[in-house]
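Asker:
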Amino acid sequence: MNSKHRVVSIILRAALLACAWTAAAAQTGPADAAAAPAAPPAATDAAPAAAAPDDFKTLDQEVQGLKKDVIDLNKDLFVLEEELLFPANTQVALYVSMDVGTFFALDSVTIRIDNKEVKNYLYTAREADALLKGGVQQIYLGNLKVGKHELVAFFTGKGPVERAYKRGATIVFDKGVGAKYLELKITDRLAKHQPEFTIKDWE
Amino acid sequence: MQSVINRLRPLILGGLLLALAPAAQPKNVKPDPNGLPPQDVKDLHYGDVLFYFYQDDYFDSITRLLAARQLGRIPHTEGEAELLLGGLYLSLGEHVEAGRIFEELLNKNTSEAVRNKAWFYLGKVWYQRGYLEEAERALTQVSDKIDPRISAERYMLLAQLMMREQRYDDAIAALSKWHGAADWTAYAQFNLGVALVRKDRLADAMPYLDRVGRIETRSEELLSLKDKANLALGFALLQAQRAAEAKPILQRVRLEGPYSSKALLGVGWADAGMGEFKRALVPWLTLRKRSLLDSAVQESFLTVPYAFNQLSATGQAAEYYSSAIDSFDAELKRIDDSIEKIRNGDLLDRLLNDDKKDTLTWYWQLSTLPDAPESRYLYALLASNEFQEGLKNYRELNYMSRNLDNWRDNVAAYDDMLDTRQEAYKRRVPKADAVMAATDLDGLTRQRVDFESRINAIEKSSDVAALGTPEEQQMWMRLKRIEDYLVTHPDDPDLAEMREKHRLMKGVMYWRLSGSFKARLWNERRSVKELEAELKETQKRAVLVKQARAGMPTNTGAYAGRVAAVRDRMDQLQQRLADVSAQQNRFLQALAIRELEGQKLRISTYQIQARYELAAIYDRASSDKPKAPQP
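Going down the list, the sequences are from chains A and B. Under my numbering, think of the first position of the first sequence as 1, with each following residue one higher. Under my numbering, think of the first position of the second sequence as 1, with each following residue one higher.
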């Protein structure tokens with residue numbers, strides 16, 4: 001092989017490299033631009049086929065099935081735990097919801113049942129944001145005997161014009177033989193430009 | 001790269017949330033000036049699911065959703081919940097299950113907007129995972145009535161999918177009809193140009209690539225695309241032996257950008273192609289000082305001595321070839337060491353060492369590599385979907401294994417709890433039996449019935465005295481006795497005054513008793529009712545106690561059975577997780593080693609070439625020497 005011939009072979013290889021590169025650089029758009037390969041240089045010959053795409057798919061499908069089984073087991077464990085620790089005939093679940101939140105930014109909630117503090121919860125910004133988006137937090141799950149009980153909830157946070165704000169809400173409720181759900185609602189009372197705190201008894 | 005990945009995350013997340021938002025719960029929109037009425041939560045448990053969903057905690061969210069669905073706690077939000085479930089499966093990389101749910105759900109009365117977004121994200125995940133056929137099916141389900149940016153990305157994904165399958169004509173046809181958002185046009189033109197080059201239609205490709213290569217922008221992403229377009233066009237022209245046209249285009253690539261090395265290599269080749277070897281040395285010598293990891297730099301180790309050779313500077317050429325051989329030797333040794341380390345080591349665990357382990361999200365990507373010798377070779381791998389998706393699988397398997405470990409402690413506590421309950425049951429049973437034995441509920445019921453009959457009789461006979469106070473009844477009895485005496489002495493004149501007094505006192509007493517009779521009767525009836533209610537409650541509790549007494553051993557046994565069953569499932573799944581995790585580890589190791597072997601192969605080829613050229617120089621040098629005089 002003379003020198004010129006070899007140069008041509010180098011140029012050709014470079015051109016092949018460019019072609020391989022252009023194919024690799026096909027974009028899906030701005031978001032994927034970053035993820036586009038920084039031109040994995042084409043090897044002159046085929047690389048060892050240690051991990052073919054089919055291997056990926058086979059393995060991926062196995063992983064899919066396995067993850068689904070773990071998710072199902074997790075659900076069964078969750079249900080078992082609740083039924084075991086909080087049977088329906090004694091179960092009391094308290095939820096916090098927040099509607100709009102223009103006049104109140106939630107910092108914490110304290111809950112007393114029958115004059116005994118059962119929960120004092122401080123909210124992270126992420127959690128408060130999740131409430132604002134429409135999430136409802138199960139703040140307390142416990143057991144109570146059948147009969148009448150008193151619930152008092154204190155809400156602290158920032159009220160209108162960024163003032164420290166603390167308000168309470170109370171309810172006397174009847175715990176029957178079925179599970180009892182109570183919703184601590186924070187809503188905006190638009191007419192008064194004030195937040196409102198109520199407790200709803202879900203029959 | 002990291003910054004762009006960080007930027008990518010909210011984009012994708014935002015997209016998924018947007019896709020699900022209409023289904024999730026379109027509440028809590030900021031109020032308009034007139035105010036919005038507060039919206040009530042329809043199902044508390046669905047709100048609970050959303051609470052975790054909005055915090056990107058998809059694993060907790062899906063667990064709660066599946067549990068709520070099983071326990072029938074989301075009757076008012078069933079449809080929304082099903083769509084959210086599909087989205088959550090997708091977020092956890094469960095694209096098969098997500099696809100099944102979407103296909104089932106989206107054929108029903110789902111709004112076109114939701115349907116489009118669901119198909120789009122499903123198609124995108126399938127594309128990333130290499131399920132090209134499924135991806136194309138999903139993406140073609142998306143109609144054009146969709147956000148222009150999503151529509152643009154959808155067409156781009158389809159085109160890229162066709163290019164991955166080497167269906168360049170299809171890609172060209174799809175991209176030629178492109179009418180998308182302005183900022184996506186450059187990408188469409190670039191892809192179209194690439195597809196045309198691949199079909200050997202350089203003349204057709206040139207206007208598209210040239211246009212992208214000249215765009216005026218400050219956006220780093222578009223600048224990067226501009227460099228790519230110039231590089232692609234420059235090399236395509238070089239390949240077509242049009243070096244003079246290629247050079248100015250390659251010179252448009254930024255010197256400080258990620259593609260500058262390849263551009264420098266190309267500019268050198270353009271000069272060489274025009275016979276300007278001295279000029280070619282300028283970019284090539286610059287390139288030669290850069291990191292040998294770059295393939296363009298590796299090639300410059302050959303092109304520099306080649307140019308010297310062409311300039312008849314044989315000595316320098318030999319020197320550079322010799323130096324290239326040494327450098328390639330050292331690099332091959334480093335790659336061999338790295339392959340060995342990857343083969344024996346815990347590459348994946350080190351890759352994931354700094355990872356935040358407590359969340360699972362579909363947009364997760366590894367963005368940095370640990371500071372290790374082998375890392376320098378693996379950056380190209382980071383950009384590949386196959387490696388990233390495989391790594392994501394490995395990470396998710398680890399997460400799930402940790403999750404099951406956490407449950408293991410709880411499950412052990414359940415056993416203790418059930419034992420304690422059993423003990424407490426044994427202690428309480430004798431007491432409960434004693435109370436039950438001492439309580440004659442039937443007798444009490446009979447007494448209540450008798451009491452009610454007596455009240456009825458009193459009412460019927462208007463026996464006002466029967467409901468009097470004990471004193472009144474005593475008084476009434478005395479009056480009765482006096483009356484009896486008076487009856488037995490009807491003609492005794494001495495009793496006339498007493499008779500009159502008795503008549504008066506009886507009249508007063510009767511007046512008093514009959515005045516309060518109705519109220520007393522009402523009170524008695526109320527007592528009877530209360531008694532009846534209390535008796536019913538007691539009977540109910542007695543039934544509950546009997547049921548509990550009889551059912552407790554069964555209940556405890558059923559729970560113990562369930563606990564044992566989940567423990568078995570946990571053990572089996574942990575074993576499967578370990579096996580599949582190991583397989584995934586081997587797969588990714590093989591990918592990493594394949595990458596390194598590829599680099600090794602390329603350098604080896606360069607090295608052989610360098611050795612050959614050096615030998616040729618020596619050969620020529622020896623043949624050029626004056627021959628020794630013949631004896």
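Ideal Cβ placement from N, Cα and C applies to all residues, glycine included. Note that the structure is a prediction, hence the values are computed from the model and not measured.
Rounded to a whole number of angstroms, what is the C-alpha to C-alpha distance between A50 (chain A) and F587 (chain B)?
Answerer: Because the pLDDT of A50 (chain A) is 39, which lies under 50, any placement of that residue in the model is unreliable, and the number read from its coordinates should be weighed accordingly. Roughly 8 Å between the two C-alpha positions.
Asker: Can you pull the chain B neighbours of Y140 (chain A), defined as C-beta to C-beta under 9 Å?
Answerer: The CB of Y140 (chain A) never comes closer than 9 Å to any CB in chain B; the least such distance is about 12 Å.
Asker: Going along chain B, which residues have a C-beta under 8 Å from N120 (chain A)?
Answerer: In chain order: nothing, as chain B lies at least about 19 Å away.
Asker: Mind checking which residues open and close the alpha helix (DSSP H) that includes L404 (chain B)?
Answerer: N385 to A438
Asker: Does the count of Cβ pairs from the region 378-390 of chain B and the region 589-600 of chain B closer than 8 Å reach three?
Answerer: yes
Asker: Considering only DSSP beta bridges, list what Q194 (chain A) is partnered with.
Answerer: A:R189
Asker: Roughly how many angstroms separate the alpha carbons of I482 (chain B) and K540 (chain B), rounded to a whole number?
Answerer: 51 Å
Asker: Answer yes or no: does any C-beta atom of chain B fall closer than 8 Å to that of Q91 (chain A)?
Answerer: no
Asker: T605 (chain B) to E396 (chain B), Cα distance in whole Å?
Answerer: 39 Å
Asker: Please confirm whether N74 (chain A) has its beta-carbon closer than 8 Å to some beta-carbon of chain B.
Answerer: Judged by the 8 Å Cβ criterion, N74 (chain A) is in contact with chain B.
Asker: Between which residues of its own chain and L441 (chain B) is the CB-CB distance below 7 Å, once the five residues before and five after are set aside?
Answerer: T538, Q539 and A542
Asker: Determine the chain A residues that contact I635 (chain B) at a beta-carbon separation under 9 Å, and present them in chain order.
Answerer: Since the first residue of chain B shown is 1 and the last is 631, residue 635 (chain B) is not available in this structure.
Asker: Can you list the residues of chain E that E183 (chain A) reaches, using a CB-CB cut of under 8 Å?
Answerer: No chain E is present in this structure, whose protein chains are A and B.
Asker: In its own chain, which residues sit with a C-beta less than 7 Å from the C-beta of V580 (chain B), not counting the 5 before and 5 after it?
Answerer: L397
Asker: Going straight from the alpha carbon of A582 (chain B) to that of Q575 (chain B), what length do you get?
Answerer: 11 Å
Asker: Let's see if you can read the secondary structure: which residues bound the beta strand (DSSP E) around H76 (chain B)?
Answerer: Note, H76 (chain B): premise wrong, no beta strand (DSSP E); not H, not E.
Asker: Residues in its own chain within less than 7 Å of L513 (chain B) by CB, not counting five upstream and five downstream?
Answerer: So the list reads V464, A465, G468 and E472, once near-sequence residues are dropped.
Asker: For my contact list, L391 (chain B) and L351 (chain B) are in at a C-beta cut-off of 8 Å; report their separation, rounded to the angstrom.
Answerer: At roughly 7 Å, the Cβ-Cβ gap stays under 8 Å, so L391 (chain B) and L351 (chain B) are in contact.
Asker: Flag E94 (chain B) as yes if its beta-carbon sits less than 8 Å from any beta-carbon of chain A, otherwise no.
Answerer: yes
Asker: From which residue to which residue does the beta strand (DSSP E) around I113 (chain A) run?
Answerer: A105 to I113
Asker: Given A68 (chain B), which residues of its chain have a CB within under 6 Å of its CB, disregarding the five upstream and five downstream residues?
Answerer: H45 and I74
Asker: Tell me which same chain residues have a C-beta within less than 6 Å of the C-beta of F308 (chain B), skipping the five on either side of it?
Answerer: Spatial neighbours of F308 (chain B) in its own chain (CB-CB distance under 6 Å, excluding positions within 5 residues in sequence) are listed in chain order as Q316 and A317.
Asker: Would you report the Cα separation of K506 (chain B) and E534 (chain B), rounded to the nearest angstrom?
Answerer: 39 Å
Asker: Quick one: using the 10 Å Cβ neighbour count with 16 as the cut-off for buried, is S224 (chain B) buried or exposed?
Answerer: buried
Asker: Does the separation of the CB atoms of L634 (chain B) and L88 (chain B) fall below 8 Å?
Answerer: Because chain B here runs from 1 to 631, residue 634 (chain B) falls outside it and cannot be looked at.
Asker: Verify whether the separation of the beta carbon atoms of L184 (chain A) and V109 (chain A) is less than 8 Å.
Answerer: At the C-beta level, L184 (chain A) and V109 (chain A) come within 8 Å of one another.
Asker: Once the 5 residues before and after Q138 (chain A) are set aside, which same chain residues still bring their CB inside 7 Å of it?
Answerer: A93 and Y95
Asker: Report the CB separation of I71 (chain A) from I62 (chain B) in whole angstroms; it is logged as a contact under 8 Å.
Answerer: 6 Å
Asker: Just list the residues that DSSP pairs R167 (chain A) with in beta bridges.
Answerer: A:F155
Asker: Are there three or more Cβ pairs, one per stretch, closer than 8 Å when the region 151-158 of chain A is compared with the region 167-178 of chain A?
Answerer: yes
Asker: For M163 (chain B), which residues does DSSP report across the bridge?
Answerer: M163 (chain B) pairs with nothing; no bridge assigned.
Asker: Who are the Cβ neighbours of L577 (chain B) in its own chain at under 8 Å, not counting the five residues just before and after it?
Answerer: L397, M400, S401 and L404
Asker: Cα-Cα, which of B:D271, B:A113, B:W284 and B:E133 is closest to V142 (chain B)?
Answerer: B:A113
Asker: Return helix, strand or coil for M274 (chain B), following the three-state DSSP convention.
Answerer: coil
Asker: With a threshold of 8 Å between beta carbons, is L264 (chain B) in contact with chain A?
Answerer: no
Asker: Span of the beta strand (DSSP E) holding I139 (chain A)?
Answerer: Q137 to N143
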